[in-house]
Amino acid sequence: MEWDWNFVWEIMPTLLEGLKITILATVFGAALAAIIGLVFAILRMTAPKPIAKVTGFIVEFIRGTPLLVQLYFIFFVLPDIGVRLPAMLAGIIGLGLHYGTYAAEVYRAGIENVPRGQWEAAKATNLTGRQTWVHVILPQAIPPMIPALANYLIAMFKETPLLSAITVLELMNQAKSVANSSYRYIEPMTLVGVFFLIMSLISVVFLRWLEERYAQVEER
Amino acid sequence: DGKLEELKEQGFARVAIANEPPFTAVAADGKVSGAAPDVAREVFKRLGVEDIVASISEYGAMIPGLQAGRHDVITAGLFMKPERCNAVAYSEPILCDAEAFALKKGNPLKLKSYKDIADNPDAKIGAPGGGTEEKLALEAGVPRDRVIVVPDGQSGLKMLQDGRIDVYSLPVLSINALVAKANDPSVEVVAPVEGAPVYCDGAAFKKGEEALRDAFDVELAKLKQSGEFAKIIEPYGFSAAAAMSTTREKLCAAK
Amino acid sequence: MTDWSGYIGLILEGALVTLELTVLGSLLALVMAFVAGLGRVSRIFVVRALATTYIEFFRGTSIFVQLFWVYFVLPFAGVTLSPLQAGVLALGLNVGAYGAEVVRGAVKAIGREQREACIALNLSRYQSMRYVVLPQALPLMLPTFCNNAIELLKGTAVVSLISLTDMTFQAQVVRAQTGSTLVPFATILVLYFLMALAISNGMRWLERRVTRGLDGVRT
Amino acid sequence: MAAPIIRIDNITKRYGPLTVLDGLSMDVLPGEKLALIGPSGSGKTTILRILMTLEAISGGHIEVDGDQLYHMPKNGSLAPADDRHLHKMREKIGMVFQHFNLFPHKCVLDNVTLAPMLTKGMAKAAAEKRAMELLDMVGMADKAKSMPAQLSGGQKQRVAIARALALSPKIMLFDEVTSALDPELVEEVLNVMRKLAVETDMTMLLVTHEMGFAHDFADRILFFDRGKIVEEGKPDEIFRTPKQERTQTFLRKIIAAGHRV
Amino acid sequence: MAAPIIRIDNITKRYGPLTVLDGLSMDVLPGEKLALIGPSGSGKTTILRILMTLEAISGGHIEVDGDQLYHMPKNGSLAPADDRHLHKMREKIGMVFQHFNLFPHKCVLDNVTLAPMLTKGMAKAAAEKRAMELLDMVGMADKAKSMPAQLSGGQKQRVAIARALALSPKIMLFDEVTSALDPELVEEVLNVMRKLAVETDMTMLLVTHEMGFAHDFADRILFFDRGKIVEEGKPDEIFRTPKQERTQTFLRKIIAAGHRV
Ligand SMILES: Nc1ncnc2c1ncn2[C@@H]1O[C@H](COP(=O)(O)OP(=O)(O)OP(=O)(O)O)[C@@H](O)[C@H]1O
Ligand SMILES: Nc1ncnc2c1ncn2[C@@H]1O[C@H](COP(=O)(O)OP(=O)(O)OP(=O)(O)O)[C@@H](O)[C@H]1O
Ligand SMILES: [Mg+2]
Ligand SMILES: [Mg+2]
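The listed protein sequences correspond, in order, to chains C, A, R, P and U. Per the numbering used here, the first sequence starts with residue 1, numbered consecutively. Per the numbering used here, the second sequence starts with residue 1, numbered consecutively. Per the numbering used here, the third sequence starts with residue 1, numbered consecutively. Per the numbering used here, the fourth sequence starts with residue 1, numbered consecutively. Per the numbering used here, the fifth sequence starts with residue 1, numbered consecutively.
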């Protein structure tokens, strides 16, 4: 089967339509993950022991099971208990929950990487707990987190094709549906790959920039 | 004939199926059954190919998979339509069926044809991706965003029960099998869909392997003559007479 | 009545395929991680460029897309792989690219000081790598390798979409047969989690073994 | 003689099975300059960290400036101190660390003004005026806008001293403030501390390996070994005529290693 | 007088815009014990690292034991040295680092035997026999099976010295080998080096801040400042009657910081 440029131009608008959904899902998924991650991290680090433990287990469970199956679960099983989410929303929740567990780890590591001496210096200068967090710990913990979070953002972007399994018409699903009606897989699939590669290469450059910009603040 | 010798050599033919009873099914023990694979198994046996090995696939992925050499033949209830006839080499007709809708009890949106769905801006139809029903809906003018591509029959039924779609469309026998198994009084069947033609499937071979197809046709014809064909498909609810009353030529020419 | 024992059997069969994919995929990933990871720190430009291209390409595109590409597009280039081969190839190459960065990072983390000690002791580059740097880098890699292996395990679910009869796929079959959605999906979620648990426990055990005697190293 | 500003009464500190301080008692007079010396691991850092409330005690009592440090009166008896009590007590105490622990994301000036503004509600202008005086005192006024990463170790440590002074504590704790510094940079920090000793009547506790400096700086030397005070006395007594065997061995080793006493 | 074993001829070392060594020349005689002193950043470490080929030079020539270090003869003229040439030259030189740089994953004995077995193809038994002799010499024979993490800093450094000696280099380089040690542990390392100085005729170059030790150990002292040799001479000349202003200031500062000279 030969590569057909005319066909490429013909399907381009459809694919771009899908790309739009992909990007939307990524953006909302990421925002949700950032928030859910914060909740997980706070529960794990500061809640009473039993709650922290249960949270820890939930986080481990979500991290240890495939997003695809989680999506099926949210989309097909939750309606049995009366929670019927539109496909796109179900997808965003799946992404947010799954990547929230990763974000939680980033938050935790970022905070734990602030040297103990900083906590002690804050205490020795008699700052309160809240003041220590706001003025000493978070300003140091957040910048190094940014590249790691961005990394997961990109990873999430690359996992959005899974949403096609729960009928979201994102890039991959559009490509499949084009393939279904034309019986040609080469062009749509390759184009999807190229789209992802382009987006990723751009984000790699962006990531390098972030890493440089927020490279560890030095002291010691 | 190279391809047939190859299959004999390897002892089995790789077939694509969809796991959509009664056309194709996988039993609890993993055994492949359903009318289409059963016929194919018998014909291949007569051609000297011992067995068939099935892999489940989406409808949309079947023809690309055939072209990519992933399987040797499609036996999945993939109905003959002119553009498909251009893409693959069909055998003579095997299983015929009309289209049907599964919808909520009492048919609240009064949907009887694909046109009705197109005309009702609230109606959403679910159909297998790359299947005949998806195409019929689109051709009838249902906009893309109201044709939900559903991965498999069970998902379709579930989405109908959950109210995510208003109609789920499959061939009559498939819908009946699905609804019977679900045993859900809130779901009813409209069959056949008004204005939708009766379709027949055939075993689909890769273009360029017409020799194998022709050999298949010869044995298929014998099977039909001997009455064994009817014995295989009628328990599944299909009509042997329907398949024998039409030809590939007619079906591929139909518009 | 539903034949649950039969269906459980089906899912266990799928679990076996998932296991097979995970093990084979991990092996390929491990090989690729070392080849490409060490390639990236090579002194030879061509080797570095090749390794970088591989890594960026496979990290840059989605595993999902890679899988479809290997399965549906590669055959037109004359390479036809069975679904299992396609799955192992796509997963192994994909995770291997991530692993390569881990290898590179760990090798670089074995500081300048150790390399300089090697030079001062007149070890060749190969000897330094083999006897000094890698033995120390390995324990640093293990925790991330563990995460990578779990990512690979989760990635195997995607192969159900190219009709490989893995655990997720079998769950779909069971679902089609029984009409029950909750039972098969809940079952495989637990199974996946148990497998992930097994991986992380295994890795922890391994980590303890390779770090024995290294504890408290600080100059 | 004035009442002690610090009374340490039979305190114990354990880390799991390890007893680091074992029934230690000592008093410090207001304005006294005290040097704590002794071998590595003898508990010198630990006692300072306990006074700064960075480490909890396992038993005993500490009184600082008339109030219990780790306890507070409640319904007529002593209860463990709560956060508010500790916060109040910490106002009296400042500490300078071996590794400076400056806030790396804030410039020198902000490092010094942060705590006065937050804990004492000082106005920005007032805090900065005072900070500049202190920075001037430690010779760092011209670097007020620099970031910590741009400073040498000696400069960082001088900023850290200014930061601790900005809260005007009654008691200052110094834990090996020069031992992370290049030899040449040691002197600039010691000079600041000499000045401080002369110009203020603050109580100072100093842990150091610089025996020469300890000799010149301190009113009294405490020699620690294994969590106990083995010997104490005026610098000349300790350094010239140590009575205890262990003190003698320790000093001999240190001298052999090239340190002036 | 014998021919120099090291001839440094007008070498330059730049890091980007920064010139660290600026046309430096010096000779070292076989068996000579040389101490390099000078302020931080003056290039002392750099010159040792260049001799160990850890750092490339920006210009100039170095001859070690009759051969060019960074150049090799090729078609009648001098070409930049390739890996093989460097490998051959490194056989003559050993180095001990400030931070020991032991291999943490290998026991003490394996640390010492690794290089002889790999680079000289020594048999395991022979390598271990020689290693035990060396470990005995540095007083570490009883720790042969310990892991580096189980040793104190002083013990680590003694193992590092044994490791460097195991290759029997003609020249040994020591870069502040005691400055990462607790004061109490300094002496045990210096003792080993004194023994080494007396018992072998190896050429030794030593960078140190321990002025007392430099005085006792060295045949000749080089005082570095800003990448140049400002003054050189016998220990007594340099320490008692330094001629240069800069040498005087430096020594005064060091003495003030409590170091014995
Ligand atoms: N967080 C901790 N957990 C366990 N043990 C500790 C901890 N902090 C200190 N120690 C132990 O307490 C003892 C006393 O330590 P401390 O730091 O007070 O000694 P030091 O006199 O300051 O020694 P140095 O001169 O080396 O600073 C040591 O044996 C040390 O190992
Ligand atoms: N890798 C490098 N990149 C840039 N500059 C460097 C590098 N290594 C050393 N320098 C600079 O070279 C100069 C000389 O450094 P060197 O380490 O030789 O000094 P030194 O005399 O050993 O000082 P010290 O007593 O502090 O060890 C310093 O200004 C240093 O900042
Ligand atoms: Mg201490
Ligand atoms: Mg140096």
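The beta-carbon is built from N, C-alpha and C at its ideal position, and this holds for glycine as well.
Between residue i and residue j, is the Cβ-Cβ spacing less than 8 Å?
| i | j | result |
| --- | --- | --- |
| Y152 of chain C | Y107 of chain C | no |
| A89 of chain A | E219 of chain A | no |
| L93 of chain R | F58 of chain R | yes |
| I233 of chain A | L95 of chain A | yes |
| C200 of chain A | F79 of chain A | yes |
| H215 of chain U | P183 of chain P | no |
| E99 of chain A | D217 of chain A | no |
| L51 of chain P | I11 of chain P | no |
| V198 of chain P | V189 of chain P | no |
| A36 of chain A | G65 of chain A | no |
| L169 of chain C | G18 of chain C | yes |
| T119 of chain P | L127 of chain C | yes |
| L191 of chain R | T22 of chain R | no |
Following a CB-centred definition, is residue i positioned closer than 7 Å to any heavy atom of ligand 3?
| i | result |
| --- | --- |
| D136 of chain U | no |
| D175 of chain P | yes |
What are the partner residues of residue i, as DSSP defines its beta bridges?
| i | result |
| --- | --- |
| Y15 of chain P | P:L18 |
| Y7 of chain R | None; Y7 of chain R has no bridge partner. |
| E63 of chain U | U:R7, U:Q68 |
| M172 of chain P | P:G94, P:M204 |
| K176 of chain C | Looking at the DSSP assignment, K176 of chain C forms no beta bridge with any residue, so it has no partner. |
| L78 of chain P | P:P73 |
| M145 of chain C | Bridge partners of M145 of chain C: none, in fact. |
With a 10 Å radius around its C-beta and 16 neighbouring C-beta atoms as the bar for buried, classify residue i as buried or exposed.
| i | result |
| --- | --- |
| W4 of chain R | exposed |
| W205 of chain R | exposed |
| Y126 of chain R | exposed |
| G216 of chain R | Residue placement at G216 of chain R is poorly supported in this model, since its pLDDT is 43, which falls under 50; the coordinates still yield a value, given next. Per the 10 Å Cβ criterion, exposed. |
| R84 of chain P | exposed |
| G126 of chain A | buried |
| R158 of chain U | buried |
| P80 of chain U | exposed |
| G156 of chain A | buried |
| I225 of chain U | The identity of residue 225 of chain U in the sequence shown is Asp, whereas the question assumes Ile. Answer is buried; the Cβ neighbour count reaches 16. |
| Q118 of chain C | buried |
| W209 of chain C | exposed |
| G155 of chain R | buried |
Given 7 Å as the limit, tell me if residue i has its C-beta closer than that to any heavy atom belonging to ligand 1.
| i | result |
| --- | --- |
| V207 of chain P | yes |
| F195 of chain C | no |
| F224 of chain P | yes |
Relative to ligand 4, is the shortest distance from any of its heavy atoms to the C-beta of residue i smaller than 7 Å?
| i | result |
| --- | --- |
| T45 of chain U | yes |
Under the criterion of a Cβ to heavy atom distance below 7 Å, does residue i qualify as lining ligand 2?
| i | result |
| --- | --- |
| L18 of chain U | yes |
| D182 of chain P | yes |
| S40 of chain U | yes |
| F169 of chain R | no |
Given 8 Å as the limit, is there contact between the stretch 51 to 67 of chain A and the stretch 9 to 16 of chain A, that is, 3 or more CB pairs closer than that? yes
Could you tell me whether the stretch 172 to 188 of chain R touches the stretch 3 to 21 of chain P, using the rule of 3 or more Cβ pairs below 8 Å? no
Cβ pair count under 8 Å reaching 3, the stretch 40 to 60 of chain U against the stretch 89 to 98 of chain U: yes
Do the stretch 137 to 152 of chain A and the stretch 111 to 129 of chain A touch if we need at least three Cβ pairs shorter than 8 Å? yes
Would the stretch 62 to 72 of chain U and the stretch 108 to 126 of chain U be scored as touching if the rule is three or more Cβ pairs under 8 Å? no
So does the stretch 133 to 150 of chain U actually touch the stretch 158 to 174 of chain U, counting three or more Cβ pairs closer than 8 Å? yes
Check whether the stretch 98 to 109 of chain R and the stretch 33 to 45 of chain R are in contact - that is, three or more C-beta pairs closer than 8 Å. yes
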